[in-house]
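> Numbers in the working numbering are just positions in the sequence shown, counted from 1, shifted up by 622.
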Amino acid sequence: MSAMTQTQFPIRLTERAIARVKQILAKQGKQDAYLRVGVRAGGCSGFEHVMLPVDTPRPNDLVAE
Numbered sequence: 623m624s625a626m627t628q629t630q631f632p633i634r635l636t637e638r639a640i641a642r643v644k645q646i647l648a649k650q651g652k653q654d655a656y657l658r659v660g661v662r663a664g665g666c667s668g669f670e671h672v673m674l675p676v677d678t679p680r681p682n683d684l685v686a687e
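#1: In terms of residue numbering, what span does the beta strand (DSSP E) encompassing Ala663 cover?
#2: Alpha carbon to alpha carbon, what distance is there between His671 and Pro679?
#3: Residue range of the beta strand (DSSP E) that Leu674 falls in?
#4: For Leu647, which three-state DSSP category applies?
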C-alpha cells in the first residue's frame, strides 16, 4: 500500500464530495470502508468508471486519507 499526500494523489475530491461519500457509506453501515475508484472494460466507449466501498485496500492500492 502506498501512502500519498493529496498533492500527489491522481484524483481530487472536493470537500462536498468527501462529505457525500461519507454520508453514502454511513447509510450502508460502512463508515470505516475505503472508496475504491477505478476503470474497467465496458460501457459505450469501451471503459466505465467504478466506485465501490471495500473493507481493506489491496497491496497495490493508492490510499489517501
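Where is the CB? At the ideal position from N, CA and C, for every residue including glycine.
From the atom records:
#1: Element bounds for Ala663: Tyr656 to Ala663.
#2: Each residue's alpha carbon lies about 18 Å from the other.
#3: Start and end: Phe669 to Val676.
#4: In this structure, Leu647 counts as helix in the three-state DSSP scheme.
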